[in-house]
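Here's the structure, in structure tokens; my notes come after.
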Amino acid sequence: MLHERRYDEVVPAAPIPKVVVVGAGFGGLEVARHLAGRPVDITLVDQHNFHTFQPLLYQVATAGLNAADVANVVRGLFHRQDNVRFRCATVTGVDWDARTVQLDGHPALPFDHLVLAGGATVNHFGTPGAAEHGFALYTLADAVRLRNHVLDRFEAADADGADPADGGLTFVVVGGGPTGVETAGALAELFAMVFRKDYPSLDVSSARIVLVEMQDHLLDPFAARSRQHALDTLTSRGVDVRLGAAVAEVTASSVTLAGGEVLPCQTLVWAAGVQANPLAAHLGLDQGRGGRVIVAPDLRVPGRSGAWAIGDIAAATDRDGALLPQLAPVAMQAGRHVARQITRLAEGKDTEPFRYRNKGTMATIGRRAAVAELPGGIKLRGGLAWLAWLGLHLVFLVGKRNRASVLLNWAWNYFTWDRGPRLLFRVGSRP
Ligand SMILES: Cc1cc2nc3c(=O)[nH]c(=O)nc-3n(C[C@H](O)[C@H](O)[C@H](O)COP(=O)(O)OP(=O)(O)OC[C@H]3O[C@@H](n4cnc5c(N)ncnc54)[C@H](O)[C@@H]3O)c2cc1C
């Protein structure tokens, strides 16, 4: 006999899956956004209360943009999405049996799905002194720290006189990938366009920018003509490019190259290496090259029920098994993919493998100079590539206010040959 439902009987609601996303970077934001309107309870956790647009950090470091232009408060991004909560905290561990995420100084968060999107960090490859004396460019704090230091060097040289032997005005950038090329080009522009006018009693042309790259070319993932364009442009703008050179040791006042040459130098920017967030090791997950978490084709973490890994922290591969690059579009597409898979699982469907669609790569070298390699074999160099680079970064920048502010700053810098944010502020502790 069929059981008849009584009018006062309460039908238990299906439990709403709890999704914890670690990291509000490119990948983490996409997971949360693409679960909008879905019956899930999302908690986005980040150690900062803002999202950072890393591709433009070098412009903050070289006084082209304000720090707030490249960052966006996470809570503000989800005002209209009521299934997302934000927790500003550092993830310190995961209890895999209890299925909870442990936070620094806050109660643990239970999860049904855990998406690891903690990104990457600098890799000094054990180079003596590099971690202690080098400047990395991964966070907003890194960028402001470097900008302060560069301004400090010029203030000191203006006050005390520039002595090439003390390396105060020598700036060594390590790594000829996009970040190194962009940073070296932007420093050259800052010195030639702005500091020349800011410090009229200083011979700014005596400032040296040295770009050190281990391989015999710059911009490794690009075609030979693009690499040559970057080399020619940087050289013509006064950057001393050292190819086939490696840094052996760094001190507060010098950089020693592998061949034995010692460059007096007080500023070293380390743009040479990247490794997965140490959280990957801390959580006891299987790791591949660069410490990246091994993932299944659907981006689940094998052997850890409910766990996914995306973006720079994950070792996702393409159809041929080649490791995908640590780039923003990879993280964003992976974030959207995981959001879809969580929805599919809730609907009782199987997961699908992640397929990355490569939309090309770009790097800028400075004013009206960039290289862009797009699908279909399209290769752009010079002004056209630069415009494409500007347009694409504006489109991908998070937040309308940031886009407006960046556009205004770029237009100002371009037409006035000036730079705005050259504030040298030291935020000390309270007296
Ligand atoms: C200087 C620089 C320039 C770049 N330029 C380009 C470019 O031009 N084009 C391009 O495609 N890519 C570029 N990239 C790479 C791109 O930024 C990354 O591939 C992308 O950010 C990866 O996204 P993600 O979500 O994996 O990590 P991220 O965007 O790095 O986000 C990780 C988030 O996790 C948070 N987090 C980390 N650990 C913890 C923890 N324990 N607890 C809580 N929160 C934590 C961090 O605060 C961060 O917000 C650049 C990177 C750098 C550093």
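In terms of this note's numbering, the sequence shown opens at residue -8 and continues consecutively. C-beta atoms are modelled at their ideal positions from N, C-alpha and C, and glycine is treated no differently. Predicted, not measured: the structure shown is a model, and the values here were computed from it.
Cβ shell of residue i (< 7 Å), same chain only, five flanking positions each side left out
i: A175; result: V164, I200, L202, L225 and V230
i: M(-8); result: Because the pLDDT at M(-8) is just 44, under 50, the model does not fix this residue reliably, and the value given afterwards should be weighed accordingly. Around M(-8): no qualifying Cβ.
i: T308; result: L314 and L315
i: V64; result: N40 and F41
i: Q324; result: Y347 and R348
i: S245; result: G158, V253, L254, P255 and C256
i: W449; result: Since the displayed the chain opens at -8 and closes at 422, residue 449 lies outside it and no answer follows.
i: H208; result: R218 and L234
Nearest candidate by alpha-carbon position, reference residue i, set the options
i: G28; options: G312, A267 and Q72; result: Q72
i: L388; options: L68, G14 and F44; result: F44
i: H115; options: G125, L107 and V106; result: G125
i: A15; options: L181, R78 and N139; result: R78
i: G351; options: G120, T112, R280 and P366; result: P366
i: L94; options: V113, V82, W87 and D88; result: V82
i: G120; options: G390, R283, T91 and T258; result: T258
i: A239; options: G84, T118 and L383; result: T118
i: S227; options: G357, N139 and V92; result: G357
i: W377; options: G67, D143 and Y405; result: Y405
i: W299; options: L56, P98 and F102; result: F102
i: R295; options: L48, T91, N393 and A23; result: T91
i: R187; options: P212, F145 and D151; result: F145
i: T112; options: N139, K370, P269 and L48; result: P269
i: N400; options: T342, Q50 and N139; result: Q50
i: V57; options: G368, D86, R136 and L68; result: What sits at residue 57 in the sequence shown is Asn, not Val. Looking at the Cα atoms, R136 is the closest of the given residues.
i: K370; options: P212, F69 and A59; result: P212
i: G455; options: D149, V321, G339 and D189; result: In the structure displayed, the chain extends from -8 to 422; residue 455 sits before or after that span and is not available.
i: D194; options: D149, W403 and D311; result: D149
i: A127; options: E364, F162, G339 and V260; result: V260
Under 7 Å between C-beta atoms of residue i and residue j
i: A80; j: V36; result: yes
i: G110; j: D303; result: yes
i: E21; j: G326; result: yes
i: A236; j: L248; result: yes
i: P255; j: A132; result: no
i: A147; j: T53; result: no
i: A306; j: R283; result: yes
i: V75; j: I7; result: no
i: A153; j: L160; result: yes
i: L107; j: V31; result: no
i: R410; j: G55; result: yes
i: Q206; j: V265; result: no
i: L385; j: R394; result: yes
i: V397; j: D151; result: no
i: V85; j: L274; result: yes
Nonlocal neighbours in the same chain, by C-beta distance under 8 Å from residue i, ignoring five residues either side
i: G373; result: H220, R359, A360 and A361
i: L210; result: G167, G168, P169, V172, S217, R218, A221, A354 and V362
i: P344; result: P288 and D289
i: A319; result: F17, Q45, P46 and F387
i: I285; result: L276, D277, Q278, G279, V292, P293 and A306
i: T242; result: G120 and H124
Local conformation of residue i per DSSP, three classes
i: F17; result: helix
i: L375; result: helix
i: V386; result: helix
i: A179; result: helix
i: G367; result: helix
i: L47; result: helix
i: F41; result: strand
i: W261; result: strand
i: L(-7); result: Only weak support is given to the placement of L(-7): the predicted model assigns it a pLDDT of 46, under 50, and the question is left unresolved by the model.
i: A354; result: strand
i: T53; result: coil
i: V397; result: helix
i: T34; result: strand
i: A402; result: helix
i: A23; result: helix
Contact set for residue i: own chain, Cβ-Cβ below 6 Å, skip 5 residues either direction
i: E204; result: G167 and L234
i: I333; result: H104
i: A62; result: F41, T43 and L131
i: H25; result: R327 and A330
i: W408; result: M184
i: A198; result: L160 and F182
i: F69; result: V75
i: L415; result: N139 and L142
i: A271; result: Q278, G282, V284 and I304
Cβ-heavy atom distance, residue i to ligand 2, below 6 Å
i: Y347; result: For the structure depicted, ligand 2 is absent and the ligand set comprises only ligand 1.
Completely contained beta strand (DSSP E) runs for the stretch 268 to 339, where each covers 3 or more residues: 298 to 300
message: Give the list of continuous alpha helix (DSSP H) stretches no shorter than 4 residues that lie fully inside the stretch 184 to 257.
response: 215 to 227
- request: At 4 residues or longer, and completely inside the stretch 103 to 177: list those alpha helix (DSSP H) runs for me, N to C.
  value: 121 to 124 and 131 to 151
Runs of alpha helix (DSSP H) wholly within the stretch 61 to 105 (minimum 4 residues, chain order):
65 to 68
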